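Asks: Chain order of the listed sequences is F and W. Going by the working numbering, 12 is the number at position 12 of the first sequence; the sequence numbering is gapless. Going by the working numbering, 83 is the number at position 57 of the second sequence; the sequence numbering is gapless. Glycine included, C-beta positions come from ideal geometry on N, C-alpha and C. It should be emphasised that the depicted structure is a prediction, and the values quoted were computed from it without experimental measurement.
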Amino acid sequence: FSSMHVMHVDSVQHWMKDLRLMAECE
Amino acid sequence: RAAQGRAYGNLGNTHYLLGNFRKAVRSHQERLQIAREFGDKSAERRAYSNLGNASVFLGEFAVAADHYKRTLYLARQLRDRAVEAQACYSLGNTYTLLQDYEKAIEYHLKHLLIAQELTDRIGEGRACWSLGNAYTALGNHEQAVHFAEKHLEISKEVGDRS
Numbered sequence: 001f002s003s004m005h006v007m008h009v010d011s012v013q014h015w016m017k018d019l020r021l022m023a024e025c026e
Numbered sequence: 027r028a029a030q031g032r033a034y035g036n037l038g039n040t041h042y043l044l045g046n047f048r049k050a051v052r053s054h055q056e057r058l059q060i061a062r063e064f065g066d067k068s069a070e071r072r073a074y075s076n077l078g079n080a081s082v083f084l085g086e087f088a089v090a091a092d093h094y095k096r097t098l099y100l101a102r103q104l105r106d107r108a109v110e111a112q113a114c115y116s117l118g119n120t121y122t123l124l125q126d127y128e129k130a131i132e133y134h135l136k137h138l139l140i141a142q143e144l145t146d147r148i149g150e151g152r153a154c155w156s157l158g159n160a161y162t163a164l165g166n167h168e169q170a171v172h173f174a175e176k177h178l179e180i181s182k183e184v185g186d187r188s
């Protein structure tokens with residue numbers, strides 16, 4: 001697993017896609 | 027001052043959604059400061075989550091892990107199991123980005139336990155998926171196949187074809 005490979009771990013990519021839209025409101 | 031805190035939080039979220047992660051961090055740090063002044067633990071917890079998320083997109087994974095650890099500590103103080111699970115999941119993924127797979131497994135297992143306790147099958151499925159990948163990265167193929175099978179079983183149950 002190289003560092004480039006890490007960015008493409010499917011479960012991490014899925015998490016980051018969700019995270020990008022996650023803003024916890026006041 | 028209380029309104030300033032809420033405004034900084036909302037400003038941080040808006041910068042984040044616009045992709046202005048540096049500005050998002052600055053706003054959430056202000057929000058954090060005001061939450062501390064008021065002893066508002068929930069707002070402090072939210073600020074740390076938001077700071078962790080922005081740090082991930084800045085590529086500052088070690089900083090993100092520190093923010094998520096603070097989130098986890100406060101979630102435990104607030105006795106909020108769902109937020110605790112979310113913090114563990116974030117830490118598992120962040121340690122994967124840091125290529126520290128032992129730590130990633132430690133947090134994904136914590137997430138798995140809470141998801142089971144809350145009978146959150148979707149969360150459980152994600153934990154198994156993540157654990158399968160982390161064990162693969164470590165070359166532990168027996169554990170990897172165990173979690174891949176669990177992931178498949180749960181995906182079938184919840185009707186997730188992807």
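Which word fits residue 168 of chain W, buried or exposed, when buried means at least 16 other C-beta atoms lie within 10 angstroms of its C-beta?
Replies: Exposed, by the Cβ-count rule.
Asks: Any idea what DSSP makes of residue 145 of chain W, helix, strand or coil?
Replies: Of the three classes helix, strand and coil, the one that applies to residue 145 of chain W here is coil, per DSSP.
Asks: Buried or exposed for residue 48 of chain W, please, with buried defined as at least 16 other CB atoms from any protein chain shown within 10 angstroms of its CB.
Replies: The residue is exposed, with fewer than 16 neighbouring Cβ atoms inside 10 Å.
Asks: Going along the chain, which residues of its own chain have a beta-carbon closer than 8 Å to the beta-carbon of residue 98 of chain W, five neighbours each way excluded?
Replies: The residues are 110, 113, 114 and 117.
Asks: Assuming residue 23 of chain F is part of the alpha helix (DSSP H), what are its boundary residues?
Replies: Taken as a continuous stretch (DSSP letters only), residue 23 of chain F belongs to no alpha helix (DSSP H), as it is neither H nor E.
Asks: Mind checking residue 77 of chain W: buried by the 16 CB within 10 Å criterion, or exposed?
Replies: The residue is buried, with at least 16 neighbouring Cβ atoms inside 10 Å.
Asks: Please state the DSSP three-state secondary structure of residue 139 of chain W.
Replies: Helix at residue 139 of chain W.
Asks: Count the other CB atoms within 10 Å of the CB of residue 148 of chain W; is the residue buried (16 or more) or exposed (fewer)?
Replies: Result: exposed.
Asks: Are the CB atoms of residue 34 of chain W and residue 56 of chain W nearer to each other than 8 Å?
Replies: Yes.
Asks: With DSSP run on the structure shown, which of helix, strand or coil describes residue 188 of chain W?
Replies: Residue 188 of chain W falls in the coil class under three-state DSSP.
Asks: Could you tell me how far apart the beta carbons of residue 121 of chain W and residue 93 of chain W are, in whole angstroms, since I believe they sit closer than 8 Å?
Replies: Not a contact, Cβ separation roughly 13 Å.
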